[in-house]
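Numbering (this note's numbering), first residue to last: 105 to 358.
Note that beta-carbon positions come from the ideal geometry of N, C-alpha and C, so glycine has one too.
Since this is a predicted model, take the numbers as computed values, not measurements.
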Amino acid sequence: MFENKFFPSQNNQETAPLLILFGFVGSNERVMNKYRECWKGFNVFLFTPPCDMTIYLMRVGGRIFNKKLNKYFKDNPNVNKTVYIHGLSIGASFVSGFLKMLELDENGEYRYILPYIKGIVMDSGLVITPNDAITGFKSAIREQAGSIGKIIQHAVPMFTPFINYFCKHDVPYLFKNHYHFLVIFSENDTYFPGASENLVDRLNNTDKKSNYKDRIIIEKKFMSNHIEHLKNNREEYMDSIVNFINITTSNKKF
């Protein structure tokens, strides 16, 4: 249920940076391989979190994943310490909880990994507000469960207390530590309409309040549907990843 896989770089594994790739609901290894190809030369950890409105299963899966991530660095002390995160749909929503668990779990044992994170890519929306989550879950259920989903979707508000907790106690971890962001989205996204724009606004407001001016925030807008940006705009999508890596590696704004 909580399967995660490690794919070593075809280059020198010790000198290769690491990508943490969080997949979307229904994604399989064949599909995710297309996203791995955007990160040539990287070691890759792949994990697809469950679509869980109680957050409990996401926590369980995240802790299993973090143990393996910790083992990766402990067993390979000389490995490259550069880390990027790429979250897709529910995988993007999972990022804030993942960052929270890295900081707090095991009495902070995994906290040392946080400074390794060079940049975060968010593709096709994420949960910033309770409304984002409720809209996203309803849309996913309607799309994936057909006519039955049109009935089941009305049960989503029952999970509002869990969603409120997540937005209050997990989402703020996205805005700590001044991470650089590439936000990939579409105004045609019916799952998380406006969520990516909300993220960018909140990042900018966070930096404005703290007078921080060195965070890199890149917005990449496509016209394709939810989670179809790579499929329909392969070259442009891959170029945006390479550009983000180059900019954040040199740490120069453009």
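Where the alpha helix (DSSP H) through residue i begins and ends
i             : result
valine 164    : 160–179
glycine 191   : Looking at the DSSP string, glycine 191 is not in any alpha helix (DSSP H); the run it does join, the beta strand (DSSP E), is 187–192.
glutamate 339 : 338–354
lysine 324    : No alpha helix (DSSP H) contains lysine 324, which is instead part of the beta strand (DSSP E) from 321–326.
valine 304    : 299–314
tyrosine 139  : 133–140
Proximity of residue i and residue j at Cβ, strictly below 8 Å
i                 : j                 : result
glycine 360       : proline 153       : Any property of residue 360 remains undetermined from this structure, which presents the chain solely from 105 to 358.
cysteine 271      : threonine 310     : no
phenylalanine 149 : isoleucine 124    : yes
leucine 420       : glycine 201       : This structure gives no information on residue 420, because the portion of the chain shown stretches from 105 to 358.
leucine 303       : valine 199        : no
leucine 122       : asparagine 180    : no
lysine 138        : leucine 334       : yes
threonine 186     : tyrosine 220      : yes
lysine 172        : asparagine 211    : no
isoleucine 245    : isoleucine 256    : yes
methionine 157    : valine 260        : yes
asparagine 174    : glutamate 118     : no
arginine 140      : phenylalanine 111 : yes
Per-residue DSSP class, three states only, for residue i
i                 : result
serine 113        : coil
asparagine 292    : coil
phenylalanine 358 : Residue placement at phenylalanine 358 is poorly supported in this model, since its pLDDT is 38, which falls under 50; the coordinates are not used for a value here.
isoleucine 217    : helix
asparagine 268    : helix
asparagine 281    : coil
asparagine 235    : helix
asparagine 182    : coil
asparagine 108    : strand
glutamate 207     : helix
valine 129        : coil
lysine 242        : helix
methionine 262    : helix
proline 154       : coil
histidine 333     : helix
lysine 144        : coil
Nearest residue (CA-CA) to residue i, options the options
i                 : options                        : result
threonine 352     : Ile331, Ile321, Phe326         : Ile321
lysine 254        : His330, Ser243, Tyr295, Phe289 : Ser243
histidine 284     : Tyr316, Met136, Lys138, Gly223 : Gly223
isoleucine 189    : Arg163, Thr158, Gly127         : Gly127
glycine 130       : Ile194, Lys175, Tyr176, Glu118 : Ile194
glutamate 323     : Glu213, Ile345, Arg338         : Ile345
phenylalanine 326 : Glu291, Pro297, Ala299         : Glu291
asparagine 268    : Asp236, Ile256, Pro297, Gly298 : Asp236
lysine 280        : Ile159, Asn308, Asn337, Tyr341 : Asn308
leucine 208       : Glu339, Asp318, Asp274         : Asp274
phenylalanine 151 : Gln117, Met162, Glu141         : Met162
tyrosine 316      : His282, Gln114, Met262, Phe266 : His282
asparagine 336    : Ser328, Asp343, Met342         : Ser328
glycine 298       : Asp227, Cys142, Tyr214, Asn182 : Asp227
asparagine 115    : Thr158, Asn147, Pro265         : Asn147
tyrosine 214      : Cys142, Phe177, Ser300         : Phe177
glutamate 332     : Val164, Met262, Phe348, Ile288 : Ile288
phenylalanine 266 : Leu218, Met342, Phe241         : Phe241
serine 197        : Ser113, Phe296, Trp143, Phe263 : Phe296
alanine 120       : Trp143, Met136, Met205, Asn132 : Trp143
Residue range of the unbroken beta strand (DSSP E) whose run includes residue i
i             : result
aspartate 227 : 221–227
Paired residues, beta bridge with residue i - DSSP
i              : result
valine 287     : Met226, Glu323
isoleucine 124 : Phe149, Ile189
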